[in-house]
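Q:
Number of protein chains: 2
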Amino acid sequence: MLEPVDKHSGIPAYLQIMNMIKKEIALGNMNFGDQLPPVRELKRVFGVNVNTIMKSLEKLQMEGIVEAQHGVGYFVKNSKIINPKVVDILEKSVEELKKMNMDLNTTILILEEVWKKVE
Amino acid sequence: MLEPVDKHSGIPAYLQIMNMIKKEIALGNMNFGDQLPPVRELKRVFGVNVNTIMKSLEKLQMEGIVEAQHGVGYFVKNSKIINPKVVDILEKSVEELKKMNMDLNTTILILEEVWKKVE
DNA sequence: AAATGTGTTATACTTTTATAGTACACTACT
DNA sequence: AGTAGTGTACTATAAAAGTATAACACATTT
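Taken in order, these protein sequences are the chains called A and B. With our numbering, the residue at position 33 of the first sequence is 629, and numbering never jumps. With our numbering, the residue at position 6 of the second sequence is 602, and numbering never jumps.
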């Protein structure tokens with residue numbers, strides 16, 4: 597689930613953290629009302645400084661995805677779980693793409709391009 | 597094709613530039629042996645400084661995707677064009693995903709997760 | 001030889017990202 | 001009241017990313 601940040605990816609740590617938390621919520625591993633691990637725990641899990649955690653959480657709060665309660669903790673505010681069918685669709689596509697020796701990065705690049713054009 | 601960098605995305609400019617060039621090559625819009633636009637032109641197109649362009653091109657060169665020729669230009673060295681079927685697969689998936697009101701960012705998050713698990 | 005177009009390098013500066021450490025404030029519980 | 005667990009705020013420091021500007025070096029054309 598929550599893994600240490602990749603410090604060599606070039607992507608800012610706070611963005612990676614935001615994305616991992618968003619992913620957990622989208623996949624239903626964290627649900628509305630759930631309490632997030634304490635900032636000191638998150639700091640340990642992600643392997644970054646408290647300030648970096650704070651920046652991620654503050655941004656997530658601005659996006660309305662989590663909510664802070666002083667002295668208590670952070671809570672999931674967003675209830676938008678994705679349709680399980682989404683995972684099915686992607687699994688089938690990924691199976692085919694892997695057979696064609698596609699790598700993840702290139703796939704994402706093409707996906708972004710296709711996304712602009714479709715519809 | 598080549599668009600100005602998004603300075604508010606949080607993704608470093610040199611990474612965005614690398615990705616756009618990789619995409620052009622993967623889609624077959626740039627082919628083996630083709631000359632890239634001059635650095636001063638790229639600077640104009642992407643809306644960044646020459647040094648940022650140089651950083652992107654040097655990294656692409658290290659990855660074996662382009663090659664520099666001093667005083668002449670940069671050339672595409674990589675010939676790996678993707679199978680057009682890849683675009684077909686993704687187009688169909690994107691159509692369905694858009695019907696379910698999925699957004700691009702969430703889709704990419706789930707895709708990364710699915711990529712790890714499949715096969 | 002000169003001019004032009006190309007890549008290359010250097011310097012100084014600003015902003016963003018991240019680390020580290022410390023202290024403070026609020027809540028829940030006994 | 002006290003204490004443990006939580007978030008919050010502040011300062012200082014450093015590293016990375018990007019900008020602005022200028023000069024330099026190589027290749028091609030005239």
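For each residue, glycine too, the CB sits at the ideal point set by N, CA and C.
(1) For A/Val672 and A/Asn679, what's the separation of their Cα atoms in angstroms?
(2) Under a CB-based cut-off of 7 Å, is A/Val710 close to chain B?
(3) If you compare alpha carbons, which of B/Trp711, B/Asp699 and B/Ser652 is closest to A/Lys695?
(4) Which residues in chain A sit within 7 Å of B/Lys694, going by Cβ to Cβ distance?
(5) Would you say B/Gly660 lies against chain A (beta-carbon separation less than 7 Å)?
(6) Name, please, each residue of chain A whose Cβ falls closer than 9 Å to the Cβ of B/Pro608.
(7) Looking at the C-beta of B/Leu653, does it have a partner C-beta in chain A at a distance below 7 Å?
(8) Expressed to the nearest angstrom, what Euclidean distance is found between the alpha-carbon atoms of B/Ile617 and B/Leu598?
(9) When you compare each of B/Gly667, B/Val635, B/Asn625 and B/Glu691 to B/Val646 by their alpha carbons, which one comes out closest?
(10) Below 8 Å on the Cβ atoms is my contact criterion, and I expect A/Val644 with A/Ala609 to pass it. Report the Cβ-Cβ distance as a whole number of Å.
(11) Can you tell me whether A/Ser675 is buried or exposed? The criterion is at least 16 other CB atoms within 10 Å of its CB, across all chains shown.
(12) Between A/Leu638 and A/Gly669, which are expected to be in contact by the criterion C-beta below 8 Å, what is the C-beta distance as a whole number of angstroms?
(13) Would the beta-carbon of A/Val714 fall within 7 Å of that of B/Glu691?
(14) How many Å lie between B/Ala664 and B/Ile621 at the Cα?
(15) Return the first residue and the last residue of the beta strand (DSSP E) that B/Gln665 is part of.
(16) Consider the Cβ of B/Leu705: report whether some Cβ of chain A lies at a distance smaller than 7 Å.
(17) Is A/Gly606 near A/Ile677, with beta carbons less than 7 Å apart?
(18) So, are the CB atoms of A/Ser652 and B/Ser689 less than 7 Å apart?
(19) DSSP beta-bridge partners for B/Phe642?
A: The short version:
(1) 18 Å
(2) yes
(3) B/Trp711
(4) Val714 and Glu715
(5) no
(6) Gly606, Ile607 and Pro608
(7) no
(8) 8 Å
(9) B/Val635
(10) 5 Å
(11) exposed
(12) No, A/Leu638 and A/Gly669 are not in contact; Cβ-Cβ is about 11 Å, not under 8 Å.
(13) yes
(14) 16 Å
(15) Val662 to Gln665
(16) yes
(17) no
(18) no
(19) For B/Phe642, which the question treats as bridged, DSSP gives no partner whatsoever.
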